[in-house]
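Taking it in order: structure first as structure tokens, then the write-up.
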Amino acid sequence: MVSYVIFTLTLCGIYALLALSLNLIWGGVGLVNLGLAGFFAVGAYASALATGAGAPVLIGWTAALAVGAVVGLVVTFATLRLRDDYLAIVTLGFAEVIRLVALNERWLTKGSDGISGIKAPLKAELGLMGFNLFYLGLVTLIVAGIWLLLRRLDGSPYGRAMKAIREDQQLAAFAGKTVLRFKLQAFALSAAIAALAGALYAHFQSYVSPDHFQPLITIYIFLAVTAGGVGRPSGAVVGAYLVVIFLEATRFATEWVPGLQPVQVAALREILVGLALILVLHLRPQGLLPECIPRAPKPVPSKA
Amino acid sequence: MTDFMTNRRTLLTGAAALAGIGALPKLALAQGAPIRIGTLTPLTGSGGPYGPVMVKAVKAVIDEVNAAGGVLGRKVELISEDDQTSPEAGVRAARKLIDVDKVSAILGTWASSVTTAVAPLCWESKTFLATVSGADSITQLPHQGYLIRTQPTTTLQGRKFGEFVIAEKAKRVFFLSPQTPFAKSQFDNITEAVKKGGGETASQIYDDKKPAYRTEIDEVLRFKPDAVVFGGYTPDTAVMLKDLFRAGFGGLKVAFGYSVNQKLVDSVPADVVDKTYTISPSSAEGSKAYERLVKLIGVPSPDPYTTQIYDQINLVLMAIALAGDASGTAIKDSIRKASQAPGGAKIDNAIDGLKAIAAKQPVDYDGASGPCDFTETGDISDSKFRYEQVQGGKIVLVKIA
Amino acid sequence: MTLLLQALINGLMTGALIAVPAVGFSAIFAVLRYPNFAIASYATIGAFAAWWANVVLGLPIIPALVIAFAIAGTVGVVAEESALSRLRGNGALIVAIASIALNLVLENIIRFFFGNDMRGYDLPLMRDMRFGDLRIGPQQLQSLALAVVIMAAMFAFLRYTRFGKAMRAVADNPDLARLKGIDPARIAIVTVFLGAGLTGVGGVLIGLDTSIDPLTGYRVLLSVFAAAVLGGLGSIPGAVVGALALGIAEELALIAVPATYRTAVGFIAILIMLTFRPRGILGERAV
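Residue numbers (my numbering), protein chains in the order written: chain B, 972 to 1275; chain W, 688 to 1088; chain H, 67 to 353.
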């Protein structure tokens, strides 16, 4: 039981990083990234390959951050001229392309076999339980760190400029904000965080494969951010914890419905997940922790 | 600061909620002390066509065994989880089976990626894992004996496909498959067998989510094959068969038994799939295990995954009885005494097996998917194959060899 | 040369299959301005409804298509009104996300009642016709014809009927439409009925060529999106042109690119196209 709780909380942390990543660009500059699973995959593979080639784990994670940021920049450049709804669909396609590359480029990714035996840092030294606790602590610490960072960003002039862009690009541009630079930076940072989540996941599970990165995980993260409250890092984190706990709780809830075939139970679980998202959107569209709109500040000198 | 407090409070309530719900099954364990067995099959996602009937087979065996008094005087309890055909979801489900339900064994992991992801949790927690996945790499994992696979290796299966098409006088063989962990090694083994028979091969890996494959089929036909071997699963193989039919291909068609199964045959027009051969791992001729399974679950031609998981549950229950202990380690240590004890009585179901074990007789289980004898690494050492053919909407047994 | 010509023909045939659901998707987008992910389930529901009409009731294909249209359309309206309509004020994105959740719910309701087993229609499959070295599928020709007819009918409906004009008015400017006495809520219901119904018809055609199971629509969702984006989001002729263009691009690319990268080809085509024409081939004004 204890190890189940530890495992679930670790996963909560990894989901929270993904939610923070999504919140940064969605809540920040108002871009929609339906390709979150793709960046998650990029980070997981980058770190798995780097450490597989002999690099220490920390270097692997740094590599994941860097590769994630670069891929984020490439995607932003490729989609610069697209309007939001087009961007949503193109990013969905991006995730699928990443999955196809991971599936087919066997020389690099071992194809559909996936990469197993990824280094789990200090596992040999700490033992099974020790490692699980250590990793939970580490992931939680990283979540807390990035949460703090993003929260400060949120309250800074930079964050306010981002939100100005979200609300009205033209107006923001008129006010002297370089919309393009903000978008590029936000997307790159967001992609890097998602990639870091991927790297943390890869070294936690010691295994990645193309099957890991199906669109369902992106749906869960959207559920997390909307449930928690778009535009506020704390909301994203809380939302992610709630989503994972909710996903797990549906297992136990459906056990109490008698007389169903296992496939019906499985269907019921997914119905519950979908209904939950729809209900949250209806009942609390602003999320559990709504965005605090800061009072109009004193005139901010333009940084551009 | 307030933010941090809410954050931490949510975290704590979350943990408490998890602990609370988890405590319930534990209570049950103390009262009746049933033996818990988990299945982890795909019930949603792309493996969905296979998982439900697999669970049905396990449930049927467990019901039968419970009706006959259980194992070691204890009831057997089945807990079924859905792996959603995703290793991410599969790992979460496995953690619940292992940590909360404390199952002795997990049966039936299907996608190779799910098996590879779940296997480390199993050997680390000393839970036994029986899988139907095909990737060669699975039994090479450092599983310390906690894993067996009832699916014959691709090397063995690929060779059988190659030898079969050569025996049917085909010289030009085309292999058509989506990207699976065993596509490449299967093609290599087919090629080896076909080359030995003086033939030639070519292959194509396709995208398995497309509604039509016309240009793919054109490429197949340009090779002028007299046999096509399918490496995919039910939904994509159905599309391929339809497009191949439209293009007027009249040659030999050979597929895995799990891909061209009764469901596929029922769902396409009869002439699309007629005369297609299927190859599945099989029990020896004369073994009653297969007929028994057919009667038990009421499915006329159960596909290979169902026959395999049927054997897995029978073997695991007998191993528990042999060890006198339901732990994963006990199963690991005695599974081969159930499957291949030298000079053991030939047994084809758990009920007879449990009786023989109670009478201190050595047993040698021969199941619905084959003789079920395992190597050190957990692969089956030898298998017979059922060669069947679709004839007028029915799957008809041609030979067992 | 034959190779290229055959790939071109194949592209049209494959594209035709995607065209009908793409028209349904675009119709909804044109008026309500959000990408509806639930069309995957509407297509699946259409396929199951036609299966029920054809196999259980023993009806031929045309009435089965009509039933599929009616049932998918009705489910679409009920789902829209109960799960999505009240969210429209919160922006297109929120509705789109709710439609992803809605799709998950609908897919699993189908799974709950019908299981994952494959089903098929009680219809014969026709062999291709041959013209020299080229082959053409008669059934796909029918799909293509159906797509063109549906597109023409939709186009005529929007252009010449009062209701159609009202729909276009709402698509252009809901506030202005309301001022002119058009009830946007009623228009929305009719649009969703048409869009979901057409997607259901598309699902039947896809089910004919593939299989009928809870994932029938989901498997082609990306292709439908790609087609609609390629043609210009919200444009009905654009959806058909986009589907055919996507089909041709994919089949032509197969000559040079491994078949397993088919989906990637579609997306790279979109990216290249959107860079030069950010509003798709036909643009958005072509409703």
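Beta carbons: idealized from backbone N, C-alpha and C, even for Gly. Here the structure is a predicted model, which is why all the values come from computation and not from measurement.
Nearest to residue i by alpha carbon, out of the options?
| i | options | result |
| --- | --- | --- |
| Gly937/W | Gly734/W, Ile1034/W, Lys962/W | Lys962/W |
| Ala1220/B | Ala1237/B, Ala1163/B, Leu1020/B | Ala1237/B |
| Gly112/H | Phe135/H, Ile127/H, Pro129/H | Phe135/H |
| Gly1030/W | Lys1042/W, Asp1020/W, Gln1048/W, Val860/W | Gln1048/W |
| Thr840/W | Asp823/W, Arg933/W, His830/W | Asp823/W |
| Arg779/W | Phe1175/B, Pro1186/B, Pro1256/B | Phe1175/B |
| Leu1119/B | Leu1079/B, Ala1195/B, Leu1007/B, Leu995/B | Leu995/B |
| Ala1170/B | Ala1015/B, Gln1232/B, Phe1223/B, Gly1206/B | Ala1015/B |
| Gly935/W | Asp194/H, Thr110/H, Arg328/H | Asp194/H |
| Gly725/W | Val790/W, Leu759/W, Ile749/W | Val790/W |
| Leu172/H | Asp279/H, Thr326/H, Ala293/H | Asp279/H |
| Ala335/H | Ala293/H, Pro324/H, Asn169/H | Ala293/H |
| Phe1061/W | Asn876/W, Ala1025/W, Ala870/W | Ala1025/W |
I'd like the list of long-range same chain contacts for residue i, defined as Cβ closer than 8 Å, with 5 residues on each side in sequence excluded.
| i | result |
| --- | --- |
| Ala158/H | Arg99, Tyr100, Pro101 |
| Ala1338/B | The structure shown does not extend to residue 1338/B, since chain B is modelled only from 972 through 1275, so no value can be given for it. |
| Ile825/W | Ser799, Thr802, Thr803, Ala806, Thr818, Leu834, Arg836 |
| Ala297/H | The sequence given here has Gly at residue 297/H, not Ala. Here the set comprises Ala88, Ser92, Pro303, Gly304, Ala305, Val306, Val307, Gly308, Ala309, Ala311, Gly346, Ile347, Leu348. |
| Pro1071/W | In the sequence on display, residue 1071/W carries Lys and not Pro. Closer than 8 Å at the Cβ level, and outside the excluded window around Lys1071/W, lie Pro968, Ser969, Ser970, Ala971, Glu972, Gly1057, Pro1058, Ile1087, Ala1088. |
| Cys809/W | Ala781, Ile785, Ile793, Phe815, Leu816, His830, Tyr833, Leu834, Gly1015 |
| Gly124/H | Asp188 |
| Leu863/W | Ser890, Gln891, Tyr893, Glu903, Val907, Val915, Val916, Phe917, Gly918, Gly919, Met927 |
| Val1083/W | Glu1075, Gln1076, Val1077 |
Using a Cβ-Cβ cut-off of 7 Å (strictly less than) and excluding sequence neighbours within five positions of residue i, which residues of its own chain qualify?
| i | result |
| --- | --- |
| Leu711/W | Residue placement at Leu711/W cannot be trusted, given a pLDDT of 44 that sits under 50; what the coordinates show is reported in the next sentence. Cβ neighbours of Leu711/W beyond the five flanking positions: none. |
| Pro1114/W | Residue 1114/W is absent from the model: chain W starts at 688 and stops at 1088. |
| Leu991/B | Ile1117, Trp1118, Leu1121, Ile1164, Pro1204, Ala1207, Val1208 |
| Leu1058/B | Leu1002, Val1003, Thr1050 |
| Ala222/H | none |
Looking only at its chain, what residues have a beta carbon closer than 6 Å to the beta carbon of residue i, apart from the 5 residues adjacent to it on each side?
| i | result |
| --- | --- |
| Ala717/W | Since pLDDT at Ala717/W reaches only 37, below the 50 mark, its modelled position is unreliable, and the value read off the structure follows with that caveat. Excluding sequence neighbours, Ala717/W sits near nothing in its chain. |
| Gly984/B | Val1110, Thr1111, Val1114 |
| Asn694/W | A caution first: Asn694/W carries a pLDDT of 46, below 50, which makes its placement in the model unreliable, though a value can still be read off. Contacts found: none. |
| Lys713/W | Low per-residue confidence applies at Lys713/W: pLDDT is 40, beneath 50, and the placement is therefore not dependable, though the value from the model is reported in the following sentence. So no residue of the chain qualifies. |
| Ala715/W | Summary for Ala715/W: the model assigns pLDDT 40, below 50, so the residue's position carries little reliability; its value from the coordinates is reported in the next sentence. There are no such residues. |
| Pro1261/B | Gly1200 |
| Lys1019/W | Phe815, Gly832, Tyr833 |
For residue i, go through chain H and note every residue whose CB falls closer than 8 Å to its CB, in chain order.
| i | result |
| --- | --- |
| Gln866/W | Thr326 |
| Ile1190/B | Ile166, Ala167, Leu170 |
| Tyr736/W | Per the sequence shown, the amino acid found at residue 736/W is Pro instead of Tyr. Within chain H, the residues near Pro736/W are Asn182, Asp183, Met184, Asp279. |
| Pro1256/B | Leu153, Asn156, Ile160 |
I want to verify the contact list: residues of chain H whose CB lies under 7 Å from the CB of residue i, in sequence order.
| i | result |
| --- | --- |
| Thr994/W | Ordered by position in chain H, no residue passes the 7 Å Cβ test against Thr994/W, which lies about 18 Å from the chain. |
| Leu727/W | Here the premise fails: no neighbours, minimum Cβ distance about 16 Å. |
| Gln1235/B | Phe178 |
| Thr1093/W | This structure leaves residue 1093/W out entirely; chain W is present only between 688 and 1088. |
Which bits of chain W does residue i rub up against, with CB to CB less than 8 Å?
| i | result |
| --- | --- |
| Leu191/H | Lys929, Phe932, Arg933, Val955, Pro956, Asp958, Val959 |
Can you name the residues of chain B whose CB is closer than 9 Å to the CB of residue i?
| i | result |
| --- | --- |
| Pro344/H | Arg1052, Leu1053, Arg1054, Tyr1057 |
| Leu828/W | Ser1087, Gly1088 |
| Pro721/W | Result: empty, since nearest Cβ-Cβ is about 15 Å, beyond 9 Å. |
Using a C-beta cutoff of 9 Å, does residue i count as contacting chain C?
| i | result |
| --- | --- |
| Ser767/W | Of the protein chains in the structure, B, W and H, none is chain C. |
Can you list the residues of chain W that residue i reaches, using a CB-CB cut of under 7 Å?
| i | result |
| --- | --- |
| Ser277/H | Pro922, Ala925, Ser954 |
List, in chain order, every chain B residue whose beta-carbon is nearer than 8 Å to that of residue i.
| i | result |
| --- | --- |
| Gly77/H | Within chain B, no residue comes near Gly77/H; the closest Cβ sits about 19 Å away, beyond 8 Å. |
| Phe363/H | Because chain H here runs from 67 to 353, residue 363/H falls outside it and cannot be looked at. |
In chain B, what lies closer than 7 Å to residue i by C-beta?
| i | result |
| --- | --- |
| Ser824/W | Asp1084 |
| Leu730/W | Pro1233, Val1234, Ala1237 |
Using a Cβ cut-off of 9 Å, pull out every chain H residue sitting near residue i, in sequence order please.
| i | result |
| --- | --- |
| Asp1066/W | By Cβ distance, chain H contributes nothing, its closest Cβ being about 28 Å from Asp1066/W, past 9 Å. |
> Which residues, taken in chain order from the stretch 912 to 943 of chain W, show a beta carbon closer than 9 Å to some beta carbon of chain H?
Replying inline: Thr921, Pro922, Asp923, Ala925, Val926, Lys929, Asp930, Phe932, Arg933, Ala934, Gly935
> Would you say the stretch 105 to 125 of chain H touches the stretch 328 to 342 of chain H, given that touching needs at least three Cβ pairs under 8 Å?
Replying inline: By the Cβ test, the stretch 105 to 125 of chain H is not in contact with the stretch 328 to 342 of chain H, since fewer than three Cβ pairs between them sit closer than 8 Å.
> Taking one C-beta from the stretch 1088 to 1098 of chain B and one from the stretch 1051 to 1069 of chain B each time, how about it: are there three or more such pairs within less than 8 Å?
Replying inline: no
>> Check whether the stretch 1072 to 1091 of chain B and the stretch 1175 to 1182 of chain B touch, using three or more Cβ-Cβ pairs below 8 Å as the test.
In response: yes
> Does the count of Cβ pairs from the stretch 312 to 325 of chain H and the stretch 138 to 145 of chain H closer than 8 Å reach three?
Replying inline: no
> Quick one: any contact between the stretch 857 to 871 of chain W and the stretch 902 to 919 of chain W, if contact means 3 or more CB pairs under 8 Å?
Replying inline: yes
> Using a beta-carbon distance cut-off of less than 8 Å, what residues from the stretch 109 to 139 of chain H approach chain W?
Replying inline: none
> So, do the stretch 265 to 278 of chain H and the stretch 181 to 190 of chain H have three or more beta carbon pairs nearer to each other than 8 Å?
Replying inline: The stretch 265 to 278 of chain H and the stretch 181 to 190 of chain H touch, with no fewer than 3 CB-CB distances between them shorter than 8 Å.
>> To be precise: take each residue of the stretch 884 to 899 of chain W, compare its Cβ to all Cβ atoms of chain H, and keep it if any distance is under 7 Å. Which residues remain?
In response: Gln891, Ile892, Tyr893, Asp894, Lys896, Lys897, Pro898, Ala899
> Name the residues in the stretch 1239 to 1250 of chain B whose C-beta lies less than 7 Å from a C-beta of chain H; which are they?
Replying inline: Leu1239, Glu1241, Ile1242, Val1244, Gly1245, Leu1246, Leu1248, Ile1249
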